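First comes the structure, then the notes that go with it.
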Amino acid sequence: MTVALVTGATQGLGLALVEGLAQRLEPTDTVYLTGRDMNRVTTAVQCMPGGGAKVRGELLDVADPNAATRVAQQIQQRHGGIDIVFGNAVMRVGPDDDPREIVDHYTQVNNFGTTRLLKAFAPLLNDNGRLLVVASSLGTLHHLAPVLHRRFTGPSTLDEIDEQIALWRDEVKDGRAKATAWPGFVNIPSKIGQVAAVRVLAAERRAEDLARGILIASVCPGMINTPTSALWWDVSAAPTPAQAATALLDLAANPVKPEHYGELVRHGNTVPFS
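As structure tokens, this is what we get:
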């Protein structure tokens, strides 16, 4: 029996990942569709097409410091472990959002939520398991001033990554970031932080995980045609969420390539961190 979980799964790419997993898996398998609003979770589950794996709704707000651990414990009790985890929960920002006003909740969801998910679910991975964090090609040091690179290459633990994110958050909140080399677009340091977190965890686990057929990686789905992306870019020719989900689902299903382990993967290819 295969057990899978997707965070941020009530719409867009997350919903497409749940549907794709359910279609690819068997009726004896279970896919957990999770989100921060139980009404939306229930509605999303009810709208799933029939056939394939059982889709089960679960409340999981990654901004809640205890939520990932709670759900992980429940899944361990029910199933003993887990096979596939997609960390897709994200707080999106629009062009009119003031970074100083939104950065607190933004980092709670996108960054601290990512490290909580990694800490909670990595220990539960079964042999041949997959733990994939949806990030972006913006999550590379190419988009960051060299003077800031050590903030993301120096940490060797997830707690140290969180400390660097907290320092950046505070600089944004009090306005200091504007006078430094930090980019104004908060998505860039945040995505770099997500990719760095995956790299740190992978460095701790690489040898054992590869021996067990486990893949931990960050993934870039590319530009997607969604209303939020349309606020920033012309996405009229971009893939739909269902189309964008295909490469991520293939990564979860195909045999592990060692060169993907701990890296940012886009359409089957590794995107260099630096």
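Per our numbering, the very first residue in the sequence shown carries number 267; after that it's consecutive.
Think of the CB as a built atom: it goes at the ideal place given N, C-alpha and C, for glycine as much as any other residue.
The model shown is predicted, which means the values in this text are computed figures rather than measured ones.
Check: Contact set for M304: own chain, Cβ-Cβ below 7 Å, skip 5 residues either direction; Outcome: L325
Check: Beta carbon of R322 nearer than 8 Å to that of L291; Outcome: no
Check: Those residues which DSSP pairs with F352 across a bridge; Outcome: V272 and L398
Check: For S484, the first and last residue of its enclosing beta strand (DSSP E); Outcome: L481 to C486
Check: Per-residue burial, R589 [other beta carbons within 10 Å of its own, 16 or more giving buried]; Outcome: The requested residue 589 does not occur in the structure, where the chain is confined to residues 267 to 540.
Check: Cutoff 6 Å; reference A447; Cβ partners in own chain excluding five residues on either side; Outcome: A411, V413 and L414
Check: Touching by the beta-carbon criterion (3+ pairs, under 8 Å), the region 342 to 354 and the region 425 to 438; Outcome: no
Check: Where the beta strand (DSSP E) through N535 begins and ends; Outcome: N535 to V537
Check: C-beta atoms of T406 and V537 nearer than 8 Å; Outcome: yes
Check: P455 versus D364: straight-line alpha-carbon distance, rounded; Outcome: 16 Å
Check: Residue burial classification, C313 (beta-carbon count within 10 angstroms, cutoff 16); Outcome: exposed
Check: Simplified DSSP assignment, three categories, for Y298; Outcome: strand
Check: Residues near R478 in its chain [Cβ-Cβ closer than 6 Å; skip 5 each side]; Outcome: D393
Check: Under the three-state DSSP convention, the category G286 falls into; Outcome: helix
Check: First and last residue of the uninterrupted beta strand (DSSP E) at V452; Outcome: That residue, V452, is in no beta strand (DSSP E); it is neither H nor E in DSSP.
Check: Where G278 sits in the DSSP three-state scheme; Outcome: helix
Check: Option nearest D295 by Cα separation, candidates T335, K320 and L398; Outcome: K320
Check: Member of V369, T380, V269 and L287 whose CA lies at the smallest distance from the CA of Q343; Outcome: V269
Check: Alpha-carbon to alpha-carbon, L391 and T332; Outcome: What sits at residue 332 in the sequence shown is Asn, not Thr. C-alpha separation (whole angstroms): 19 Å.
Check: Cβ separation of L397 and I482, assumed to be a contact under 8 Å, to the nearest whole Å; Outcome: 5 Å
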